[in-house]
Amino acid sequence: MITHTPKRVAITGLGIITAIGESMPTFRQALFNGKCGISSISLFDTTGFPCQVAAQIKNSNLEALIEPKEIKRFSRCDLLGLIAAHEALLDSNLDLERSPCSKIGVILGAGAGGMLSWEKYRRALWSKNTKPRPSLLLPVAHCTLTDLIASRYRLTGFRATISTACSSSATSIGYGFDLIRSGRQDIVVTGGSESLSELTFAGFNSLRVMDPEYCRPFDKSRRGLSLGEGAAILILEDYGRAEDRGTTIYAEVLGYATNSDAFHMTSPDPEGMGMSKVMAKALERANLGPDQVDYINAHGTATRVNDQMETKAIKRIFGEKGARDLAISSTKSMVGHCLGSAGAIEAVAIVQALCEQVVPPTIHLENPDPDCDLDYVPNSSRAREIRFALNNSFAFGGNNTSVVFGRGQVRKEESGI
Amino acid sequence: MTDIVVTGIGIVSPLGVGREAFWDNCSKAKTGIKKITSFDTSSLGSNVGGWVKDFDPSQYISPGAYRRMSRISRMAVASSVEALKDSRLILDDTDRGRIAVIMGTSYGSSSHAEEFYIGLLNNGPRGAQPFLFPETVPNAPASHIAMFHEITGPNSTFCQNEISAENAILYAQNLLLQNQVDVALVGGADELSAIQYSCYDAVGALNKIKVEDDEPVNPKLGGGLILGEGAGVLVMERPDFALARDAEVYGILRSGAITGGITSIGHYEAKGEQMARAMFLAMKEANMGPDDIDQIDVSANFSGELDRMEYNQLKRTFIRPLNNLSITPLKYLTGDFGGAGAMRAAAILLSLHNQVPLPTVRAEILKSEPECSLSWDIHPRGKSQVALMTSTTFGGGSASLVFTRTQ
């Protein structure tokens, strides 16, 4: 039933695997040190593509990180997601044996899902040399990881998978927020997972929006994005419940908004109106004024259009002066653009920034673009007060999502740094 | 109070293109399952599906607008055009930022993904066609609807196999009840493509049935899925907003619930406890019990695993003499697809509005026993106040929605 007093929403568990770190401690260190995860790819042949790099997770023994049971049925995307979910659930200290699992939902964002598995199947069929294994088709559905996590941990609450390209996992955090806020769920396992695939790699190459070296968000010489892969899972929980069980509350989700540019499948509205409006709406829902936000984790893909439009949109909402007082950074400069899991990975980066009161950097930013004239925290992380933070995710199809986060109750000695 | 009203319906379905053709065939239990001639099935174990035969997008969309759209996007946009027209909502008099577009689909455009990838396999990077790639994302249909009508409110797409559209409906309800939006275009869509069909054939999920050109299709009960395609879009509004503009209302979405069953990839929940819990939660939220339900639209799809499980849970939930329990397995007429929930909801709403019960079968048929045969009962005009829609999907999710007649 929907309650009439909205509940607060705490983040009580985090798990992550990316090209710059395969667990929370290694990711945290790499994030603040400005490590670049973009390099050549070994997952598939990139010969002939204008861009041949991406932020691939190089661990060749991912399977060792989870039980080998049913391994042949998991896609790479599922493996990454299960690894992140395992870490997040452990981190949350939830006793699932004693928790009301019927009020624990799983809401994830998905991009290409098990596309890499489908490609293996399709390539084998096409080559006519080998008979493909039909089991490669089982994890192709976008919701496979959602179902796998729920089944593995016996979570029988709400279940949904959102697939809106690059804003998928940001919106999944938002929907998780709604469900806890309204009292429909006590806990939601949320976030997303994405693995590199030939289809997305060839697709972005065909659109000529990929930088052949590495992405450089907000830099004058930027030539496009770098793709990445990874998974991030966040445990959202009724704030009062989290306080009662005395667990660490890393941060609080305060609000979110989604909207549509209704303009073009692959290009943002040239005035950035959709971007502005979604940020304004998210702040309104969080009951915050623009002057209370100190940090924006930008969509910051390093395409020529996105970075200019995002800058313009930020100025429209925060004002020229207010925008200059903000710290803004693009985590994609390090982990690449992880599409369906991008919003979740960036949410984890924001939570770390709020916990440590340190802003992660935008790396590869050497020559600022005159049209991108805000403080993008170039190349080195920086300590500063962060009261509230905003994450932007802007997707194919004109789908925009912004999520607002606030500080939690983390004692320094618990933070792991 | 969780009531949301439905004021417009648009349908492109195997039972007919357009709301009226759909209802006409649906109310007569005329099947939309037929031999597939839209692609080659000669090397496969089956050749039937619930596919949309005479869909002409130019009836709804200009050629310039639909030229780059995939089949699924065309069907979705066409449905949205019909639904909006039906609702008599004047977009120019409405704040487009307070209209949501929320869709559900299993796979989006699998035909575009296939065409793009085959281009890459055949010709290397030069074969990757940039105009095909954007249509491969599952949110393309919802984005096209937003672009076509210049709707700038919340926009989202749910991919949860056979409860994708149900997820979309409940997310829209969530936005409407929070007063985030006044109106939502909500629906589901999927396209039946050669690659999707051959993949389902490869994993052995299809009802193994082959027919000649105009031969009637008699699917084997419990023998496996029959795939379908189509699109359905509903115009959903908060009652106060619909009342203020004096809109005609088809019916009310009274409540809904989603639960998650525990199972392995590719399988339905074995016993169906969570499916039953979803029914229970939805009825509880509507302050109703099993005796209040006049019609039940079930999710049965000819898969023995699902149909038998659903039978057992219906038997447990609706404690009536079994010969009194009539149900509507609409997918027996349309075939199964992830976005089918919106089309099923439309059938229920049209039934409540027209006061003509949906055609039914005896619940025992879901047991898929050898002595069972598929026989539909067609009903004359008669009272029907409350309908329950149950849905469950492989992977374990279940959804239940309660609809009521407008008072």
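Residue numbers (our numbering), protein chains in the order written: chain A, 308 to 724; chain B, 4 to 410. Yeah, the Cβ is synthetic: ideal placement off N, Cα and C, and Gly gets one too.
Inter-residue Cα distance where the pair is A/C343 and B/V55: 49 Å
Is the Cβ-Cβ distance between A/L486 and A/A395 less than 8 Å? no
For a test of the three-state rule: what should DSSP assign to B/K38, helix, strand or coil? strand
Measure the alpha-carbon distance for B/Q163 versus A/Q492 and round it to whole angstroms. 19 Å
To test your reading of the DSSP string, which unbroken alpha helix (DSSP H) runs of 4 or more residues are found completely within the segment 107 to 168 of chain B? Taking only runs of at least 4 residues, the alpha helix (DSSP H) segments lying wholly in the segment 107 to 168 of chain B are 113 to 126 and 143 to 152.
Looking only at C-alpha atoms, which of A/N436, A/G581 and A/R694 sits nearest to A/A620? A/G581
Grouping DSSP H, G and I as helix and E and B as strand, with all else coil, what is A/T573? coil
Using a Cβ-Cβ cut-off of less than 7 Å, give me the residues of the segment 123 to 135 of chain B that come near chain A, in sequence order. Of all residues in the segment 123 to 135 of chain B, L123, L124, G127, P128, A131, Q132 and P133 have a Cβ within less than 7 Å of some Cβ in chain A.
B/S403 to A/S474 span [Cα, whole Å]: B/S403 and A/S474: Cα-Cα distance of roughly 27 Å.
So, is A/T354 buried or exposed, given that buried needs 16 or more other C-beta atoms within 10 angstroms? exposed
Rounded to a whole number of angstroms, what is the C-alpha to C-alpha distance between A/R718 and A/V316? Confidence at A/R718 is low in this model, with a pLDDT of 46, below 50, so the placement of that residue should be treated as unreliable; the coordinate-derived value is given next. Rounded to the nearest angstrom, the two C-alpha atoms are 19 Å apart.
Helix, strand or coil at A/D614 according to DSSP, with G and I counted as helix: helix
Closest Cα partner of A/R623 within the set A/E550, A/A467, A/G579 and A/V560: When only C-alpha atoms are compared, the closest one is A/G579.
Under a CB-based cut-off of 8 Å, is A/G483 close to chain B? Cβ-Cβ to chain B under 8 Å: no for A/G483.
Quick check: is the beta carbon of B/G400 nearer than 8 Å to any beta carbon in chain A? yes
Taking only beta-carbon positions, decide if A/K584 is within less than 8 Å of chain B. yes
Any contact between the segment 695 to 710 of chain A and the segment 592 to 607 of chain A? By contact I mean 3 or more CB pairs, one from each, below 8 Å. yes
Where does the unbroken beta strand (DSSP E) through A/N698 begin, and where does it stop? Annotation: the continuous beta strand (DSSP E) that includes A/N698 extends over F695 to A702.
Identify which residue in B/S73, B/R91, B/V80 and B/S82 has its Cα closest to the Cα of B/S114. Distance from the Cα of B/S114 is smallest, within the candidate group B/S73, B/R91, B/V80 and B/S82, for B/S73.
My output table needs one value for A/A549: the three-state DSSP class, helix, strand or coil. For A/A549, the three-state secondary structure derived from DSSP is helix.
Members of the segment 110 to 121 of chain B near chain A, C-beta cut-off 8 Å: Y110, G111, A116, E117, F119, Y120 and I121
Please look up how many angstroms separate the CB atoms of A/N706 and B/N158, rounded, as I've assumed it's under 8 Å. 5 Å
Taking B/Q163 as the query, report the chain A residues whose CB atoms sit under 7 Å from its CB, ordered along the chain. C450, R466, A467 and T468
Cut-off 6 Å between Cβ atoms - residues of its own chain near A/D398, not counting five sequence neighbours on either side: Taken in chain order, the residues that qualify are G320 and L321.
So A/Y563 and A/I480 are supposed to be a Cβ contact under 8 Å. How far apart are they, rounded? 7 Å
Where A/L432 sits in the DSSP three-state scheme: helix
Is A/G531 near A/C522, with beta carbons less than 8 Å apart? yes
Check each candidate in B/G53, B/V9 and B/V51 and name the one with the smallest Cα separation from B/H356. B/V9
So what does B/D185 bridge to, in DSSP terms? B/D185 is not bridged to any residue.
So the alpha helix (DSSP H) B/F283 belongs to, where does it begin and stop? E276 to E288
Assuming contact is defined by CB atoms lying nearer than 8 Å, are A/S476 and A/G499 in contact in what I supplied? yes
Rounding to the nearest angstrom, what Cα-Cα distance links B/A145 and B/G190 in this structure? 9 Å
Hey, how far is the Cα of B/M392 from the Cα of A/G626? 49 Å
Which chain B residues are close to A/S458, counting only those with a beta carbon under 9 Å from its beta carbon? By Cβ distance, chain B contributes G263, G264, I265, T266, S267, I268, G398 and G399.
Alpha carbon to alpha carbon, how far is B/G399 from A/C408? Give it in angstroms, no decimals. 15 Å
Near B/I172, what residues of its chain come up, given a Cβ to Cβ distance below 6 Å and the 5 sequence neighbours on each side ignored? If we look at B/I172 and ignore the five residues flanking it on each side, its Cβ neighbours are V189.
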